[in-house]
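First comes the structure, then the notes that go with it.
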Amino acid sequence: MKKFNYLRQILNIERWPKTRLTIMLWLLIASTGWAQSGTITGKVTSLENSDGLPGVSILVKGTSTGVITDINGDYSIEASSSDILVFSYVGYVTEEVEIGSKSVIDLSMTPDITSLEEIIVVGYGTMKKSDLTGAVSQVTAEDFEKQPLVRTEDALKGRAAGVVVSNNTGTPGGDIKIRVRGANSITGNNDPLIVIDGVIGGNLRTLNTNDIASFDVLKDASATAIYGSRGANGVIIVNTKKGSGAPQLELNYFHSIANVPDRIDIMSARQFSELYDRPITKATDYQDEYLQTGHADNLQFNISGKANKIGYFVSGGYVTQTGNIINTGYDRYNIRANLNMDVTEKLKIGLNVFGSREKRKNFTQGGLRPDSDQRAGITAALSWDPTLPPWNDDGTPNITSPFGSILDNPLIVQTNRDNNSWEDRINTNLNISYDILEELKFTSILGINLYNTMYENYQDYQIYNANGFAGAGGGHSRTEGYQWSNILTWNKEIGKHNIKLTGIYEITGSERRNGGFSATNYIFPATYAVLEIAEIQRANADYNKNTLQSYVGRLEYNFNNNLFVTGTIRHDASSKFREDQRSATFPSVGLAYSLGEAGFIQSNNLFDNIKLRAGYGETGNQNVDNYLTYPTLSTGANYPLDGATETVGLAPGRFANPNLHWETTKQINAGIDFMFLEGRLNFSVDYYKKNTTDLLLNVPVPAFAGGGTITANQGEVQNSGFEFLLSGIVIDNDKWNWNSSFTASKNNNEVISLAGGQTQQVTGSTVIGGTGLSTHIYRVGEPLGSFYGAQFLGTWKTSDAEDNDAAPGDAKYLTDENGDLILDIIGNGTPKFNWGWNNTVNFGGFDFNMFITGAHDFQILNATRSMISLATGNVLHATSTEYLNRWTPENENDIPASGQNINQSTRYIEDGDFVRLSNLSLGYTIPVSKGIRSLRLYISAQNAFIITNYSGYDPESSSASNSVSAGINNNDVATGLDYGAIPNPKTYTFGINIGI
Amino acid sequence: MKRYKLVISKMLVILIPASLLIGCVNLDEEPGKALLSPEVLTTPEALDAALAGAYRQVQNNARWSHFYIPGYGGDDITTHSASNKAGFRAFDQRNVTPTTERVSNHWNAMYLPMRSINNVIESQDKIVGGDTELINAKIGEAYFLRGLLYFYLTRSFGKVPLQLSSVPDPELGVSEILDIYNQIEADFLEAEKLLPVINSASPGSANRPNKGSANAFLAKLYLYWGGWPLKDNSKYQKSAERAKMVIDNASNHGFAMVDDMNTLWSEKDENRFNSEGVFTLVMCRPCGGAYGNRTTGRLGYPGDVGGWTETFAEVKFMNDMPEGHRKDASYVTELEIDGVLTNWTEFENEPRPLLKKVTGLAEEIPPTSNNSNNNINRYFMRYAEVLLTYAEASGRAGNSTNEAWEAYNQVRRRAAGLLPYTDTYPSDITSGDLAEIAFMERKWELCGEFERWYDMCRTETVEEALSDRSQEINQIIGSLGTDNYFTPIPQAEIDKAPQLGN
């Protein structure tokens, strides 16, 4: 009976008080009709065991009348039938019970580990954390509120086991890579699904950090299968804050100063001049001039509360950042209004409106580099001739130099760059829920979003080239998306059985239109807005539409609070596939068993509970372009047949595959949760193994058959690994509070098979060093992200060079008997082990946060270093100081003085392992004064300290593009490449939080 | 009971609009709103666009040096001794492997346009309306381009897959060389049948091929057919016959040698749209960056003037070449560096003579200019070559006629700076082994045009030509025998099509 009450309480957490009140009133009127006085007796026990709880305080509400339970948990109190008893005890949830006609009131008290945050959002509903059957990680505002964050993605970093957040670029507003349990797809998209307030397909970057109440990351298939065809990469569910209680205003501001970590050692102008016998026109440190200190201002405010039956949360935010590379920057504005209205007791309506605008200055390729030319940017700055200034004293530019890099002067290029882009989003979300019956609830979520982008750029090429022209380009896109989800939930308790059934019908779709234009050969330099004066004007347009229709069913069953079963099934039909291939069904089942009642748990003081979980599920991926099943003629193959004017040209387009269908991921998961010391310490471990089959693989087509790729369901990838979470309250007393949590995850990735007889495919950038060699390879039996290159063997010595057709001091590489280079896998760029350790300490008015993250077991191809170490490709003269100590006949060391510089070689493979102090902050909350609820001042340092053997700027930044273009997903198959990657800065922040 | 009725009615209120919406969801894509269907290729306008697309793909690949990379194996061309030119260097040193860089680019460059070309050929019977002769001419151009690319492919790689459909079979294996030659012959013959005598839309003589272009390439095909690897001597006579057809109809086709060789590698329209091209791919740098030539200009200059040091001249070849107008039009031996006229031997990066056919004219593309993308057209064959093919093939066929000698002498006269078509000069040569004399003349005439390597192969004179290069850089590493004449199929392609590795 006690268990029964408990279950009612958690499963009906929102409506329980009111429902009960109704029942009580009905009882009062129907059976008793009037208030009665008398003695109430009963026994108070703990939910965890049936032992009586001594010392529980029982008060008659609104009076000072009260008693305390005896050693057995029994009590006796005088009260009337209209009174309310308040039961309270340290460590347990305070409960109020109306007496009514009862004379005996037994109560089983709930330990206070089940605060509201422990309600987990599982997709189309919520679940109590203790009822979970799948692998779900939750991160709440409390976990990251002490860390000043510009980007919401960073809140997840290191805080959710199995979720790897990689800051691949230090560029403000740049792409952040998130992977849940590794990468499933070789050439497809591996980004997890983002669900914001029930609406699928949101964007984390634009969110206001302070708007977020919680992230729930669904990791295993028994949890993600509810999202079917889009769940394979994991699901990140974001809930924004709702208003309640008295009106509150919060105002948060911080200012950050960001600096690039330690400079790379390159020659001074004097060293360069002496080495290459080049006069110094004017010494210029291109590295220093190219980089700058970045500044960020972040202002956020929100007003929340609940008036009558309307809860409101209204917020606004503004971020402005300058990048660490000159002439770059990022601005973001956003506004949110979350309203929730209790129209009647049964009808509730929520409306969330969110708008954001981002503006970027000179932002290229997701922020991975400042220049669209991969060779340019930081690498060009490091290798450019330091004896020559960008501008002479008379103002004339030095565009090129016969020394160092042959590329255009990076300072001139970057200073004159004028590219601007805007992204505007409006997301609206209407949520209606109606309690048809006590056990039957209907919810309808209607999400409508609009996403508009625009870019403009203008370049006067006469700066670079006397024969050059001015040119401009621009474009826009408009995407409208919608989602309509209808959810019917039926929940019933029958004895020890609790059954919850959920049925969902959902349609989602989006429609995107975009157009672009370019204008080259201005008749004279002017400005973007008059591009009509360009002689060559081109335009392009694009249209895309897709629709997904789904039916979902879920069963949640719970027996006696010990055994939990969740089963889901989702049927999706996608417009991206032909009718006969369109539909797929994704089942899952999850089981959990709680040992809380078992004897050995009951009889020891260490464990509170142990829970075993296991699950299996299938999820899909349909994240491919629209219309892939139809052949097409591609445009843009124009040609000036007469040598003077273009004729419109058409060519056979990419190959169509009418048989295309889903990619399927099958995953098993087993986990165990330990709860110690009355919930103060929690430990969880999960094992998973997932196999992704029928990959939506862009199978390379031999050039003789047309080249390019054909998207086909071929190949298989496997990921398996472990995840750990250890969290606890280390100290909790009147003065001190120390919370600590540690997460770790280990993932093993392996390509099981590829298309047909293919066993490997080189991939990644081919432009480094101009050799045409690829940086990476994916090969059956090996993990994604493998480097492909030569074995570096130092230098040819005077004694052996001549016999090998080499000059003494030449770089030496492993070759076969014919003298051909042996190319093979020489490392892997994806960390296999990631962890995070978060600590928050409160002492009096002080709060302290220390957050450490680490990534291990991976390598980096330091192509930035390769480009300055020895003449190669577009660099004619090495600029690295290492070259000053190169091989000489007198000192025959292994630093090559000459010969071929193979960038894709073990010479430039370095261990990437790092441990980083991601955040260190100290705050002080000033005692409350009149009119102000709270006032906190803080200072913080982010990325201030790193332990690594990596010689570049930053082992976390990478040059692998986040976009899936040209059939190559560089972000997972070409990881760990530092080719002028923009480092994450060391950031120092001062901030203030005001609550009124 | 009443309660449940209420529930049912409430549910209906919800489910009816829901079911209405279900009816509206259309899951069929409408590709016509987003894509251009291949089915549109039924009008003369669409054919024009498909042909332009095919040319574009040829030009987009032929504008890079890797298209011609075996040419670096010739005794006329070399490349930088270090820098990022390893691929070019491997050919220069006869050390090419399936993983040598740029071998893939080279292979791809000739195959990637093939699907577009086949697409045009296949449209022949689908075009409705329009002038049949004009349509046939365009189909003929596609046959010509296909023959040309397979000729280039088999010259370089030997046995290659013969892909003749726009819906290609990725599991195709390689064909025998004889079968490939037969296919090329068939394509050129079909082109010859369909093409006009002269294409009025062509700005120069044959920026769009005509019957003469097809015959000229047939002549060249037969000349190769007579040599290594097929060595079918009977083809020399056919070669001579086809070349003779071109020469006899030269004025109808618009073919004639220009007087001043210096104008051949010019950016100016009045020079680049000339009568000498038997097939010339037009570039158009002012039309956009994609339409420029990237085998010429800056990349032929040394680092001293900001050059890309990609394509240089070999010293011995230059020294051996007879002095005169042609030599002056072929080489650049001095540059002004920092105001000082500097001989090539004094260049720092690096000391090689330069090919004027690569650098272009200094007055148009100054050595210090940033022009690695320019307006110089790319000749696939010049009329001078037709004359020499005629002379050599006649000689090899044992039929050294006066006309054949005259063809040879025309080239020779111009090389000396004389008017080519003015009858006899006292210096004309009219006796000796015409085959060898014409072959030698071809060596000098086509120097730096990436043809010499193939001429060395078909005559099996690679070893003879390369064993005495007197060049201290890029020494020969690999075999000079016929075992090392062909370029290996690139490993990247074998990865995609394992059957090619067998």
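For the protein sequence lines, the chains are A and B, in the order given. Positions in the first sequence are counted from 1; adding 126 to them yields our numbering. Positions in the second sequence are counted from 1; adding 297 to them yields our numbering. Every residue, glycine too, gets a C-beta built ideally from N, C-alpha and C.
Taking CB atoms only, N518 (chain A) has no neighbour in chain B less than 9 Å away.
Taking 9 Å as the CB threshold, R739 (chain A) stays off the interface with chain B. DSSP lists no bridge partner for N518 (chain A).
Under the Cβ criterion of 9 Å, V827 (chain A) is counted among the residues facing chain B.
Taking all protein chains in view, the Cβ of Q772 (chain B) is surrounded by fewer than 16 other Cβ atoms within 10 Å, so the residue is classified as exposed.
Membership of Q354 (chain B) in the alpha helix (DSSP H) is indicated by the continuous run P341 to A359. About 15 Å separates the beta carbons of A488 (chain B) and Y449 (chain B), which is beyond the 8 Å limit, so they are not a contact pair. Boundaries of the beta strand (DSSP E) harbouring S559 (chain A): D544 to D561, taken from the DSSP string. For Q374 (chain A), the enclosing beta strand (DSSP E) stretches over residues Q374 to N385.
For H377 (chain B), there is no enclosing beta strand (DSSP E), since its DSSP letter is neither H nor E. Under the Cβ criterion of 9 Å, N571 (chain B) is not counted among the residues facing chain A.
Residues are counted here when their Cβ sits less than 7 Å from a Cβ of chain B; for the region 878-891 of chain A these are G883, Q884, Q886, Q887 and V888, given in chain order.
Ranking A:Y353, A:D812 and A:T278 by CA distance to the CA of H697 (chain A) puts A:Y353 first. Closest option to I878 (chain A), judged by alpha-carbon separation, among A:V276, A:L910, A:E565 and A:P516: A:L910.
Listed by position along chain B, the residues whose Cβ is nearer than 8 Å to that of Y753 (chain A) are E326, P328, A331 and L332.
Near chain A, meaning a CB-to-CB distance below 7 Å, the residues of the region 767-798 of chain B are Q772, I774, A789, E790, D792, K793, A794 and P795. Counting along the chain, G962 (chain A) sits inside the beta strand (DSSP E) bounded by residues F959 to F969.
When CB distances to chain A are screened at a threshold of 8 Å, the residues of the region 437-459 of chain B falling below it are V457 and P458, in chain order. Scanning chain B for C-beta atoms nearer than 7 Å to the C-beta of N1096 (chain A) yields nothing, as the closest lies near 17 Å away.
Inter-residue distance for I673 (chain B) and M753 (chain B) is about 27 Å (C-alpha atoms, whole angstroms). Rounded to whole angstroms, S1024 (chain A) and W548 (chain A) show a C-alpha spacing of 47 Å.
The shortest C-alpha to C-alpha distance from N752 (chain A) to any of A:S810, A:S846, A:N647 and A:R639 is the one to A:R639. According to the DSSP secondary-structure assignment, E647 (chain B) is paired through a beta bridge with no residue.
The beta carbons of G589 (chain B) and G775 (chain A) sit about 17 Å from each other, so the pair does not count as a contact at 8 Å. Q426 (chain A) is positioned such that its CB atom lies closer than 9 Å to that of Y444 (chain A).
When C-alpha distances from T259 (chain A) are compared across A:S1087, A:I246 and A:G442, the shortest belongs to A:I246. Sixteen is the threshold: since fewer than 16 other Cβ atoms of the shown chains lie within 10 Å of the Cβ of R1059 (chain A), the residue is exposed. Legend: CB atoms of the region 697-710 of chain A lying less than 8 Å from CB atoms of chain B belong to residues A699, S700, S701, K702, E705 and R708.
Nearest C-alpha to K382 (chain B) among B:N781, B:V400 and B:D372: B:V400.
Judged by beta-carbon spacing, K532 (chain B) lies within the 9 Å limit of W522 (chain B), meaning their Cβ atoms are closer than that value.
Chain B has no Cβ within less than 9 Å of the Cβ of Q491 (chain A). Under the three-state reduction of DSSP, E1016 (chain A) is assigned to coil, being neither helix nor strand. Against chain A, the beta carbon of W404 (chain B) has neighbours under 9 Å at A829 and F830, listed in chain order. In terms of CA proximity to A406 (chain B), B:F364 leads the group B:K435, B:Q390, B:F364 and B:N646. G1057 (chain A) is classed as exposed because its beta carbon has fewer than 16 other beta carbons within 10 Å across all chains shown. When secondary structure is reduced to three states using DSSP, N671 (chain B) falls in the strand class.
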